[in-house]
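Participant: My numbering applies: residue 396 is where the sequence shown begins, and numbers increase by one.
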Amino acid sequence: MKELKAILTAFERELGAGGLEQLPAQAQLIGYGEISAIFAIKDIEGWVFKRLPLFESLEQAAAYLENFNEYCNILAEAGLDLPKHDCHIIPKHNRLFVLYIGQERFPDANLCHRQIHVQTEEENLDMLERIIYALHDLQVFNQKNKPELEAAIDGQLSNWVWLEKKGGHRLVYIDTSTPLFKRAGKETLNPDLLLKSAPGPLQAVIKLFFLDDVMNRYYRHRDVYIDLVANLYKEQRPDLIPVFLEKINLYLVDNEAITPEAIRRYYREDKFIWQFFLAARRIDRWVKQKLLGRPYDFILPGPIKR
Ligand SMILES: Nc1ncnc2c1ncn2[C@@H]1O[C@H](COP(=O)(O)OP(=O)(O)OP(=O)(O)O)[C@@H](O)[C@H]1O
Ligand SMILES: [Mg+2]
396 MKELKAILTA
406 FERELGAGGL
416 EQLPAQAQLI
426 GYGEISAIFA
436 IKDIEGWVFK
446 RLPLFESLEQ
456 AAAYLENFNE
466 YCNILAEAGL
476 DLPKHDCHII
486 PKHNRLFVLY
496 IGQERFPDAN
506 LCHRQIHVQT
516 EEENLDMLER
526 IIYALHDLQV
536 FNQKNKPELE
546 AAIDGQLSNW
556 VWLEKKGGHR
566 LVYIDTSTPL
576 FKRAGKETLN
586 PDLLLKSAPG
596 PLQAVIKLFF
606 LDDVMNRYYR
616 HRDVYIDLVA
626 NLYKEQRPDL
636 IPVFLEKINL
646 YLVDNEAITP
656 EAIRRYYRED
666 KFIWQFFLAA
676 RRIDRWVKQK
686 LLGRPYDFIL
696 PGPIKR
């Protein structure tokens, strides 16, 4: 898209004017990440934009974009079906460069965490099986290419799209905007970028207690499943936990089988980590905007039902 960069530049300029809480009229906020906010922009139909306000230099933003492209290549080579994308770096002011990851937009109803509420249990288990196959493909890729290359993945249902097509379904993985992969055994994602969205005084605490865990869990096949299933609490379908585990355990060796108790324990901890993090960010936003009158560059979610 040729004029896309100009539209995004104008959009970013407007975002700055009213503070991020008051969105420009042509934009709709459709999702939040830990480090990104996801918009739809009226003039650009059929696309979403993941906005990452993280970079202090053009080089830093370009390096991230390069890693994003390599991450997508790895996932595609492993056999995953990914959306079309189109990315642009937009300078904001001299100390901030914003990366927009444009992605083909899918209907909200087709996201797997929406599908579980309208499909039959059998359909849900068929969909889960396809997710298991996709995760398995990546595991095989990793085993073959480690330590030269190894990619992590966040398998939660909200990261997959389930589209009907002739004779079956297409399963698309959309959560590509945090490129977590190792090259020659070394993590390529700069952890400071993840910390950036946390308030200064808390960064040290997060680094000490949570960061390693959060960055490593998505490399461990079994932990990816635990995370996926535990999220059924948040998605208000805990009733599906036993049948999902039964299916997943078919694909794990016996001594790795996941129990409902392991899911409960994990969910309690994980919920604590993210609620703690979000509360801290809200306080930080309040201090910056209200007390210091400074701009706050991130967009935070409202109350999250868990
Ligand atoms: N291509 C898309 N089409 C439609 N909706 C999307 C698309 N990409 C993202 N969304 C919506 O935004 C939500 C969050 O997107 P995504 O999973 O990419 O980011 P995240 O998990 O919040 O990211 P991060 O990895 O930055 O923490 C999705 O669950 C979905 O509801
Ligand atoms: Mg996601």
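Ideal Cβ positions, reconstructed from N, Cα and C, are used throughout, including at glycine.
These figures come from a predicted structure and were not determined experimentally.
1) My parser needs the alpha helix (DSSP H) runs of 4 or more residues fully inside the segment 454-526; what are they?
2) Ligand 1 heavy atoms versus the CB of Leu506: any closer than 7 Å?
3) Look at the Cβ atom of Asp532, then the Cβ atom of Leu475, and state whether they are nearer than 8 Å.
4) Cβ of Asp587 versus every heavy atom of ligand 2: is any distance shorter than 7 Å?
5) What's the C-alpha gap between Gln538 and Lys437?
6) Should Ser553 be counted as a contact of ligand 1 given a C-beta to heavy atom distance under 7 Å?
7) Hey, which unbroken runs of the alpha helix (DSSP H) at 4 residues or more fall wholly within the segment 523-591?
8) Return helix, strand or coil for Pro633, following the three-state DSSP convention.
9) Distance, Cα to Cα, Phe463 vs Val619?
10) Should the segment 503-511 be called in touch with the segment 552-563, which here means at least 3 C-beta pairs below 8 Å?
11) Given Ile643, which residues of its chain have a CB within under 6 Å of its CB, disregarding the five upstream and five downstream residues?
12) Spatial neighbours of Ile653 within its chain, please: CB distance less than 8 Å, with the 5 preceding and 5 following residues excluded, ordered by chain position.
Facilitator: According to the structure data:
1) Here the runs fully enclosed are 507-513.
2) For the purposes of this step, residue 506 is taken as residue 111 along the sequence shown, with counting starting at 1. In this structure, the C-beta of Leu506 approaches ligand 1 to less than 7 Å from one of its heavy atoms.
3) On the sequence shown, position 137 is the one that residue 532 refers to. On the sequence shown, position 80 is the one that residue 475 refers to. A contact, by the Cβ cut-off of 8 Å.
4) On the sequence shown, residue 587 is found 192 positions in, with the first residue counted as 1. Because no heavy atom of ligand 2 lies under 7 Å away, the Cβ of Asp587 does not count as near it: no.
5) Reading the sequence shown from its first residue, position 143 is the one you call residue 538. Reading the sequence shown from its first residue, position 42 is the one you call residue 437. Computed Cα separation, rounded: 43 Å.
6) Sequence index remark: in the sequence shown, residue 553 carries index 158 (1-based). Yes, Cβ of Ser553 sits closer than 7 Å to a heavy atom of ligand 1.
7) Counting only runs of at least 4 residues, the segment 523-591 fully encloses the following alpha helix (DSSP H) elements, listed from N- to C-terminal order: 586-590.
8) By 1-based counting over the sequence shown, the position of residue 633 is 238. Pro633 falls in the helix class under three-state DSSP.
9) Reading the sequence shown from its first residue, position 68 is the one you call residue 463. Reading the sequence shown from its first residue, position 224 is the one you call residue 619. Our two residues, Phe463 and Val619, have alpha carbons roughly 20 Å apart in a direct line.
10) Yes, since at least three Cβ pairs between the segment 503-511 and the segment 552-563 fall closer than 8 Å, the two stretches touch.
11) Sequence index remark: in the sequence shown, residue 643 carries index 248 (1-based). The beta carbon of Ile643 sits closer than 6 Å to those of Tyr620, all from its chain and outside the five residues before and after it, given in chain order.
12) On the sequence shown, residue 653 is found 258 positions in, with the first residue counted as 1. Arg617, Tyr620, Ile621, Val624, Leu640, Ile643, Asn644, Leu647.
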